[in-house]
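Step one of this worksheet: look at the structure below.
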Amino acid sequence: KAGVTQTPRYLIKTRGQQVTLSCSPISGHRSVSWYQQTPGQGLQFLFEYFSETQRNKGNFPGRFSGRQFSNSRSEMNVSTLELGDSALYLCASSLPTSGSWEYEQYFGPGTRLTVT
Amino acid sequence: GNSVTQMEGPVTLSEEAFLTINCTYTATGYPSLFWYVQYPGEGLQLLLKATKADDKGSNKGFEATYRKETTSFHLEKGSVQVSDSAVYFCALMILTGGGNKLTFGTGTQLKVEL
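Residue numbers (this note's numbering), protein chains in the order written: chain A, 1 to 116; chain B, 1001 to 1114.
Structure, rendered in structure tokens:
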């Protein structure tokens, strides 16, 4: 079974621009979560989508948004980029087990965003 | 709020040495606990998990036991290899109907030398 894929793997943008990152979850997984990883702040939760609905959100400004499509693929968008948005953005997919709330998150390789 | 505290790195060991990476947590409710590993230039890989008190997660020679009384989930391996060099993250998840998210520790870098 193919793992979580993220595109692009590397991206360089200029301050003020916007960017869209894509994540394709493991086949059959319905939940997609996004995390930001930086040397200073570590791994921080951005948001989670399940069945095309955002059901959990981290403490990030409104410039960070996302969506999920009917095939469970997800995109996240960052508008008006700032230097501090430079980070590794990780996507994780998971599958809620029927009759249980237990599930594990499987991560993609990440998109390395550099803002100049 | 929920939080995870890990020991500071880097941890440098000789091959075949015993490894312990300490992890303690603070959580409202009953968390599931995880260890993830990140190799250079890669995403996170799930190493092991435990979902309730006294559970032991194990994988690839690594083990961790969910200790509710000490709110700990320390990672251990009896004999490390150079290939184990990576960054290790302890994480917790509180399972709710309103969505689930992982709360991570700061990560501990492990370097294994010949």
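Every residue gets a Cβ at the ideal spot worked out from N, C-alpha and C, and that includes glycine.
List, in order along the chain, the chain B residues whose C-beta lies closer than 8 Å to that of residue i?
| i | result |
| --- | --- |
| A:Q36 | Within 8 Å Cβ-Cβ: nothing; A:Q36 doesn't reach chain B, min ~11 Å. |
| A:Y106 | L1046 |
DSSP has residue i in a bridge; who is on the other side?
| i | result |
| --- | --- |
| A:G3 | Answer by DSSP bridge pairing: none, since A:G3 is not bridged. |
| B:R1067 | B:S1072 |
| A:I26 | Paired residues: none, contrary to the question. |
| B:A1086 | B:L1110 |
Counting contacts by CB-CB distance shorter than 8 Å, is residue i in contact with chain B?
| i | result |
| --- | --- |
| A:E48 | yes |
| A:L81 | no |
| A:L90 | yes |
Check the Cβ of residue i against every Cβ in chain A and list those closer than 7 Å, keeping chain order.
| i | result |
| --- | --- |
| B:F1104 | G42, L43 |
| B:E1042 | P109 |
| B:G1009 | Result: empty, since nearest Cβ-Cβ is about 13 Å, beyond 7 Å. |
Using a Cβ cut-off of 9 Å, pull out every chain B residue sitting near residue i, in sequence order please.
| i | result |
| --- | --- |
| A:Q17 | In chain order: nothing, as chain B lies at least about 25 Å away. |
Against residue i, what residues of chain B qualify as contacts under a CB-to-CB distance less than 7 Å, listed in chain order?
| i | result |
| --- | --- |
| A:S33 | K1101 |
Taking 8 Å as the CB-CB cut-off, is residue i touching chain A?
| i | result |
| --- | --- |
| B:K1068 | no |
| B:G1029 | no |
| B:K1056 | no |
Please state whether DSSP places residue i in a helix, a strand or coil.
| i | result |
| --- | --- |
| A:S72 | coil |
| A:S79 | coil |
| A:G66 | strand |
Going along chain A, which residues have a C-beta under 8 Å from residue i?
| i | result |
| --- | --- |
| B:F1073 | Ordered by position in chain A, no residue passes the 8 Å Cβ test against B:F1073, which lies about 15 Å from the chain. |
Kindly list, in the order they appear in chain A, the residues whose Cβ is closer than 9 Å to that of residue i.
| i | result |
| --- | --- |
| B:F1089 | G42, L43 |
Against chain B, which members of the stretch 52-73 of chain A pass a CB distance test of less than 9 Å? Q54, R55, N56, K57, G58
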